[in-house]
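Please read the structure below before turning to the comments.
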Amino acid sequence: MNLNFPHPLMAPVVELALKAGEAILPFWRVNVAVTAKSDDSPVTAADMAAHHVILAGLTALDPSIPVLSEEDANIPQSVRAGWQRWWLVDPLDGTKEFISGSEEFTVNIALIEQGRVVFGVVSMPTNGRFYVGGAGMGAWRGDKGAEPLPIQVREVPAAGEAFTVVASRRHSSPEQERLLAGLSDSLGELQLANIGSSLKFCLLAEGAADCYPRLAPTSQWDTAAAQGVLEGAGGEVLDLNGEPFCYPARVSLLNEFFLALPAKAAWREKLLALARN
Numbered sequence: 147m148n149l150n151f152p153h154p155l156m157a158p159v160v161e162l163a164l165k166a167g168e169a170i171l172p173f174w175r176v177n178v179a180v181t182a183k184s185d186d187s188p189v190t191a192a193d194m195a196a197h198h199v200i201l202a203g204l205t206a207l208d209p210s211i212p213v214l215s216e217e218d219a220n221i222p223q224s225v226r227a228g229w230q231r232w233w234l235v236d237p238l239d240g241t242k243e244f245i246s247g248s249e250e251f252t253v254n255i256a257l258i259e260q261g262r263v264v265f266g267v268v269s270m271p272t273n274g275r276f277y278v279g280g281a282g283m284g285a286w287r288g289d290k291g292a293e294p295l296p297i298q299v300r301e302v303p304a305a306g307e308a309f310t311v312v313a314s315r316r317h318s319s320p321e322q323e324r325l326l327a328g329l330s331d332s333l334g335e336l337q338l339a340n341i342g343s344s345l346k347f348c349l350l351a352e353g354a355a356d357c358y359p360r361l362a363p364t365s366q367w368d369t370a371a372a373q374g375v376l377e378g379a380g381g382e383v384l385d386l387n388g389e390p391f392c393y394p395a396r397v398s399l400l401n402e403f404f405l406a407l408p409a410k411a412a413w414r415e416k417l418l419a420l421a422r423n
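So the number in my numbering is just where the residue sits in the sequence shown, counting from 1, plus 146.
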C-alpha cells in the first residue's frame with residue numbers, strides 16, 4: 147500500500163496505528179479482565195498493549211515530541227503547559243464497545259501544535275480500515291490491500307436522503323435531546339446514525355452523515371484524531387460560541403461541548419443557535 151501523504155509523519159503514524167490494532171485483536175471477544183480507573187471508565191489489557199506499542203513507536207519517530215495518552219495521562223498541567231507540540235492518543239477508543247464484542251472501537255493518534263490539531267489518524271483494528279487527515283491537507287480512507295481514497299464531507303444530503311445526525315450509542319444528555327428536537331423542527335425528520343467511538347466524526351468526513359452534536363462529556367483523546375480527519379475532509383468542529391475547537395493544556399482533560407459539521411453548511415448558524423439555547 148502506497149502511503150503518500152502531504153505531512154511527513156502521516157504515513158508512519160498510520161502504520162503505527164495499524165500495528166497497535168494488531169496488538170489489540172488477541173484480546174477481542176475473549177474473556178478479558180476489566181478494571182476500573184479512578185473515573186470509573188473501564189480499562190483492559192488490550193488498552194495497555196496498544197498504549198505500549200504507540201508510545202514506543204512515537205518515541206522512536208521523534209523523541210522530542212511528548213505523548214499524552216489516555217493510559218498515561220497523569221502528567222501535571224504545569225508540565226503540559228510548556229508543550230508546544232505533542233501527541234494526543236487514545237490507544238483504544240470505545241473500550242465499552244470492545245468489551246461488548248462490537249467492532250466499533252478505534253485507535254486514535256493526533257499531532258497537536260499550540261493547542262490545534264495538525265493531523266489525526268483513526269484506525270479500526272477489526273478490519274484494517276483507517277482514516278487520516280488534517281486541515282489544509284486533505285483526508286483519506288484506506289482499506290486493507292487498496293490504495294487510500296480521498297474523502298470529503300457533503301454539504302447537503304443527496305436527493306431523497308434524510309438529514310443524518312450522528313449520535314453516541316451509549317451517551318446522550320437532556321441538552322442533546324432538546325437540540326435534536328430543534329433540528330427536526332427546522333430541517334424535517336432526522337435520521338439518527340448510532341455508532342461508537344471516534345467513527346462518528348469519520349461518518350461525517352466521508353459524506354455518510356451531516357452533523358455530530360455532542361452535548362455530553364468527552365475527553366481530549368476521544369476527539370482530536372478524528373477532528374483532524376474531519377477538518378481535512380472539509381468539516382469543522384466548533385465550541386458553542388462558534389469558535390474552532392482546540393486542546394489547551396487545562397488542568398482538566400475533559401472537553402467542553404462541541405458541534406461537528408461541514409464547514410460550508412447553510413444551517414451552521416441555526417445549529418449554533420439551537421445548541422446555545
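The beta carbon of each residue, even a glycine, is placed where N, CA and C say it ideally should be.
Discussion item. Counting beta carbon pairs with one atom in the stretch 364–373 and one in the stretch 233–243, are three or more of them shorter than 8 Å?
Written reply: yes
Worksheet item: Does the separation of the CB atoms of P294 and F276 fall below 9 Å?
Response: yes
Discussion item. Give me, in chain order, the residues of the same chain whose beta-carbon lies closer than 8 Å to that of N148; leave out the 5 immediate sequence neighbours on both sides.
Written reply: E293
Worksheet item: Which residues does DSSP pair with D218 in a beta bridge?
Response: S215
Worksheet item: To the nearest angstrom, how far is it from the Cα of S269 to the Cα of L155?
Response: 16 Å
Discussion item. For the structure I just gave you, are there three or more beta carbon pairs, one from the stretch 321–338 and one from the stretch 370–381, closer than 8 Å?
Written reply: no
Worksheet item: Between which two residues does the alpha helix (DSSP H) carrying V160 extend?
Response: M156 to I170
Worksheet item: Does DSSP put W413 in a helix, a strand or coil?
Response: coil
Discussion item. Let me check understanding here. Comparing Cα to Cα, which of A192, E415 and A166 lies closest to T241?
Written reply: A192
Worksheet item: Where do the ends of the beta strand (DSSP E) carrying D239 lie?
Response: R231 to D239
Worksheet item: Ends of the beta strand (DSSP E) at R226?
Response: First-last for R226: Q223 to R226, but that is the alpha helix (DSSP H), not the beta strand (DSSP E).
Worksheet entry | Assigned secondary structure, S332 (DSSP; H/G/I helix, E/B strand, else coil) | helix
Worksheet item: Do G247 and Y393 have their C-beta atoms within less than 9 Å of each other?
Response: no
Fill in: Proximity below 9 Å, CB of P357 to CB of L417
One point to set straight first is that residue 357 is Cys, not Pro, in the sequence displayed. Cβ distance < 9 Å, so C357 and L417 count as in contact.
Worksheet item: Does the beta-carbon of R360 have 16 or more other beta-carbons within 10 angstroms, so that it is buried, or is it exposed?
Response: buried
Worksheet item: How far does the alpha helix (DSSP H) with E377 in it reach, from first residue to last?
Response: Q366 to G378
Practice prompt. Enumerate in chain order the residues of its own chain whose CB-to-CB distance from L204 is below 6 Å, with the five nearest sequence positions on each side excluded.
Written response: V213 and W233
Worksheet entry | C392 - DSSP class collapsed to helix/strand/coil | coil
Worksheet entry | Cβ of K410 within 9 Å of any chain D Cβ | Although the question refers to chain D, the structure presented lacks it and comprises just one protein chain.
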